[in-house]
Amino acid sequence: MLNDVVITGMGVLTSVGSDRDSFASALRSGACGITRNDQDGLGIAARVDSFRLDERLARLELPEEIYLRARRAGHRAPISIQLSILTALEAWTQAFGRGEGPSPKAIHLMVAGNNISPGYAYRIHEQYAQTREFIPASY
């Protein structure tokens with residue numbers, strides 16, 4: 011028995027597009043965001059341009075309570091978590107508009123993630139492998 015799945019919103023932040031529409035445009039034009047930079051320790055990678063979480067959240071024009079909760083959750087979080095918060099809320103605004111959104115009981119599943127968390131975990135492991143007396147809570 012198959013169940014219907016409906017995707018009502020999507021958020022994207024990549025090296026070739028900072029939102030869903032710019033990402034779709036980049037895909038259609040064949041853009042490549044992979045670059046080489048031997049100075050940042052990544053070498054060849056698809057880098058996300060620097061961004062400020064507060065500014066990006068403000069652009070989404072979220073309801074005040076959601077904006078404040080997202081800002082508080084991402085304030086000191088690693089960039090991978092900030093990206094997940096931002097893209098999840100971009101999807102939220104596409105699905106429900108700029109208003110308060112649906113009742114929390116109406117949301118069955120919201121998925122947010124990224125592919126840079128493993129790199130963060132590896133760097134933290136390298137940093138604290140020899141000094142385990144202090145490991146940040148975000149680890």
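According to the numbering used here, the residues represented by the sequence shown are 11 to 149, in order. We put the beta carbon where it would ideally sit given N, CA and C, even for glycine.
*Is L63 buried or exposed, if buried means 16 or more other CB atoms sit within 10 Å of its CB?*
Buried, since its Cβ has 16 or more Cβ neighbours within 10 Å.
_By the DSSP assignment, the beta strand (DSSP E) with G53 in it spans what residues?_
G53 to A56 is the extent of the beta strand (DSSP E) around G53.
_Can you check which of these residues, E74, G43, A122 and G53, is closest to D59 by C-alpha distance?_
When each option's Cα is compared against that of D59, the closest is G43.
*How long is the line joining the alpha carbons of T97 and Q140, rounded to whole angstroms?*
Rounded to the nearest whole angstrom, the C-alpha separation of T97 and Q140 is 35 Å.
_Along the chain, where does the alpha helix (DSSP H) containing L82 start, and where does it finish?_
Strictly speaking, residue 82 in this sequence is Arg, with Leu absent from that position. Membership of R82 in the alpha helix (DSSP H) is indicated by the continuous run E74 to G84.
_CB contact flag (I95, A80, <8 Å)_ = Contact flag set, yes.
*Please look up how many angstroms separate the CB atoms of V26 and A36, rounded, as I've assumed it's under 8 Å.*
Confirmed, Cβ separation roughly 4 Å.
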